[in-house]
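**Student:** This is the structure I have questions about; it appears just below.
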Amino acid sequence: MPKARRKAATEYDVIIIGGGPAGLALACSLHDTPLRLCVIEKQPVEQIAQAAPDGRDIALTHTSKTLLAEMGVYAHIPAEEISPIKQAHVVNGTSERALRFDAKTDGHGELGYLVPNHFIRRATYQSVKGQKNLTIITGQDVQAVQTNEQTASLSLADGRTLQAKLIVAADGRFSPSRKMMGIPTSMRDFGRTVIVARLSHTKPHDNTAFECFHYGRTLAILPMTKGQSSAVITLSSHETAAVMEQSPDDFAHDVQKRFGNKLGTMKLAGKRHAYPLVATYADRFYGKRYALVGDAAVGMHPVTAHGYNFGLYGQNVLAREIKKTLSLGLDIGSNDVLSAYNRQHRHATLPLFLGTNAIVGLFTDDRPLAKAIRGAIIRAGNFITPVKSLITHQLTATSLTG
Amino acid sequence: MTQAPMPTKKSASISSDEIARFSAQSEDWWLADGDFAPLHKLNPVRLAYVRDQAVERLKISKASPYNIFSGLKLLDVGCGGGLLAEPMARLGAKVTGIDASEAGIKAARAHARQSGLEISYQATSVEEVAAKGKQYDVVTAMEIVEHVADMNAFSRALADCLHPGGLLVASTLNRTAKSYAMGIVAAEYILRWVPRGTHQWKKFVRPSELMRALEQHGLRVVDATGVVYNPLHQTFSLDPRDLSVNYMVAFVKD
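Here it is, written out as structure tokens:
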């Protein structure tokens, strides 16, 4: 019996694995090029077009807002879902002292903007839907990735083979394609889980974000629209099940108590979601004709809310390098392009990645010395202006490095 | 009966040991980390310079940056494996690449086919192209002047190949103590960047000599820049104040 003839590979210039926010943002950033783009997404199309609420809230920096506006994404986010942060307080334990960040001292009207993740995902999809140089393949898993000096190729679950000059992986912090390409990655499992939930409350939040380092748990209260707030609770993973199973009223009451009743009576206003905390950082952000973007490159601890922002900056740097190379008629998949991206994006992310992990370590440590040190940091922070302005700058990140 | 070797068609500007030297390496032209690695590293800087000079001097619209040379006729003299010709073709130019080395031209043709690009490659000299009365909007002569035997004949032919208003960009190595150290000792021996014997310092050309040679044939200097190497980042960049080693000069035919 004759073997079925293998169909020739479909050719693209850039194949992006993953239709999440980073992958789609890259496709969007390359819309004004003659490059033939393809995005491959495991989930069915409805799940990216109408992404369901997942409890995550993204704190957009000013830079991210500008990038999203340039890409045409920002206009697709419903205005009534964008909540400005005007102040941020960091509180140690039950102490009344707080490290305060104020939008006024920062020179901006806001420290940043909170937007629920699913609205960003939907808006990004809106922007690339119908993009002329883009093919989106949904409901397909990538089975194998191969690259060499001349070309990169991958095979899909349905047997199709696709070829490109460059494959970009935006397939998440546990990126399966990164594994296939043999790129080592540092992982730090904090042994903790984060529970997120939306709450309504009787007192106004005044657009102030709180980060409270309690003994054993940390609690962030983020000011959202409609007068509601999001609670972000970080706790030891073994406690998770009990908290998830609390009745809505018990849960809300517990948050209210731990928050010192600052926002009055609280009520649960949606589903609780739990996410285990693992931070990842790839040893390099590229291989031969292969690049990592988004969480596949840097999977941040969510405490500084930089994960999404870094993903957005990274794809912007990569898109810029690709366009620069394209405008010289050179090979967009070459090592020169990818190493330039790698250098710039590591430079932009590594200090904060390591810093965040160290802070998280310090602030979730219950030993007396750690408690004393963080108390000192918080007290010093209010007096030492340069320290604060550095932290504020990191929070708002108005300039892109590199 | 012994047969005398067939004399190949020769022009005054072409030196035969130079051809043999480059033909021997033609297979390696396109290996980004092979013998011609420095040319690959140099390439983005040269391409950007040629592009930007062309845009400025020929008043090209920047509306479609990825097809900016659409309709432009370009002659690359000393095209080697096509390192400059291919990108220019990708940007829309109708490119003719010429090189004295037959083997080099074969390698260039094979690579262009692989890249799916239409480039006219010919093993010929610029004098022969000029003799046929062919003229181009842009002529490039990169790292070739220092290999030329008759500078005057070569310069006349370059000028003849340009349309009035056309642009010539020539790059070469300056004959200074620094270029001796950098270009030959460092590049050929220490860094093993280019095969030994690629450059002969005595044949290097001072900017004044290059400019005078071409001005005699009716071209006008419109820009000159040095190309400097940063060993820390291993990259090249333009420096208009330092022409002491590698440099490029742009000319316009009035």
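Chains A and B are the protein sequences, given in the same order.
The working numbering numbers the first residue of the first sequence as 635 and each following residue consecutively.
The working numbering numbers the first residue of the second sequence as 17 and each following residue consecutively.
Glycine included, C-beta positions come from ideal geometry on N, C-alpha and C.
Computed from a prediction, not measured in an experiment: that's the story for all the values here.
(1) Below 8 Å on the Cβ atoms is my guess for ARG269(B) versus ALA175(B); work out the distance and round it to an integer in Å.
(2) Output the distance between the C-alpha atoms of ALA930(A) and SER761(A), rounded to the nearest integer angstrom.
(3) Just by C-beta distance, which residues in the region 99-122 of chain B are closer than 8 Å to chain A?
(4) Using only the alpha-carbon positions, how far apart do ARG755(A) and GLY657(A) sit?
(5) Quick one, are the C-beta atoms of VAL707(A) and THR758(A) less than 8 Å apart?
(6) Here's a check: name, in chain order, each residue in its chain whose Cβ is nearer than 8 Å to the Cβ of GLY234(B), leaving out the five neighbours to either side.
(7) Helix, strand or coil, according to DSSP, for ILE966(A) in the structure here?
(8) Which ranges does the alpha helix (DSSP H) cover as unbroken runs of at least 4 residues, wholly within the region 855-937 of chain A, from first to last along the chain?
(9) What is the DSSP secondary structure of GLY113(B), counted as helix, strand or coil?
(10) Which residues in the same chain have their Cβ closer than 6 Å to the Cβ of ASN59(B), if we skip the five residues on either side of it in sequence?
(11) Using alpha carbons as the reference points, say which of LEU230(B), GLY132(B) and VAL265(B) lies closest to ASP166(B).
(12) Inspect the beta-carbon positions of ALA693(A) and ILE716(A) and report whether they are closer than 8 Å.
(13) According to DSSP, what are the bridge partners of TYR137(B)?
(14) Assuming CYS662(A) is part of the alpha helix (DSSP H), what are its boundary residues?
(15) Using only alpha-carbon positions, find the residue among LEU189(B), HIS56(B) and ARG257(B) that is nearest to LYS218(B).
(16) Could you say which of ARG222(B), HIS179(B) and GLU162(B) lies nearest to ARG191(B) if we only look at CA atoms?
(17) Answer with buried or exposed for GLU714(A), where buried requires no fewer than 16 other C-beta atoms within 10 angstroms of its C-beta.
(18) Which two residues bound the contiguous alpha helix (DSSP H) that contains GLY120(B)?
(19) Just the Cα atoms here: how many angstroms apart are LYS896(A) and LYS837(A)?
(20) Which whole-angstrom value describes the C-beta separation of ALA173(B) and VAL142(B), a residue pair presumed to lie in contact below a C-beta threshold of 8 Å?
(21) Rounded to the nearest angstrom, what separates ASP239(B) and GLY113(B) at their Cα positions?
(22) Please confirm whether PRO247(B) has its beta-carbon closer than 8 Å to some beta-carbon of chain A.
(23) Closest to MET705(A) by C-alpha separation, out of VAL648(A), THR959(A), PRO655(A) and GLN784(A), would be which residue?
(24) Which two residues bound the contiguous alpha helix (DSSP H) that contains GLU231(B)?
(25) Go to LEU825(A), then tell me how far its beta strand (DSSP E) extends in each direction, as first and last residue.
(26) Do LEU107(B) and GLY967(A) have their C-beta atoms closer together than 8 Å?
(27) Taking 8 Å as the CB-CB cut-off, is LEU254(B) touching chain A?
(28) Counting along the chain, where does the alpha helix (DSSP H) carrying PHE170(B) start and finish?
**Tutor:** So, from the data block:
(1) The sequence given here places Lys at residue 269(B); Arg does not occur at that position. That pair is a contact at about 6 Å.
(2) 22 Å
(3) GLU102, PRO103, MET104, ALA105, ARG106 and LEU107
(4) 10 Å
(5) In terms of Cβ geometry, VAL707(A) and THR758(A) form a close pair [threshold 8 Å].
(6) Within the same chain, GLY234(B) has close Cβ partners ALA175, LYS269 and ASP270.
(7) coil
(8) 874-879 and 882-892
(9) Here GLY113(B) sits in strand by DSSP.
(10) LEU99
(11) LEU230(B)
(12) With contacts defined as CB atoms closer than 8 Å, ALA693(A) and ILE716(A) fail to qualify as a contacting pair.
(13) GLY113(B)
(14) 655-663
(15) LEU189(B)
(16) ARG222(B)
(17) exposed
(18) 118-131
(19) 8 Å
(20) Contact flag correct, Cβ pair sits at about 4 Å.
(21) 24 Å
(22) no
(23) PRO655(A)
(24) 223-231
(25) Just to set this straight, residue 825(A) is Gly in the shown sequence, not Leu. First-last of the beta strand (DSSP E) with GLY825(A): 819-835.
(26) Their beta carbons are not under 8 Å apart, which means LEU107(B) does not touch GLY967(A) by this criterion.
(27) Not one chain A Cβ lies under 8 Å of LEU254(B).
(28) The continuous alpha helix (DSSP H) containing PHE170(B) extends over residues 167-176.
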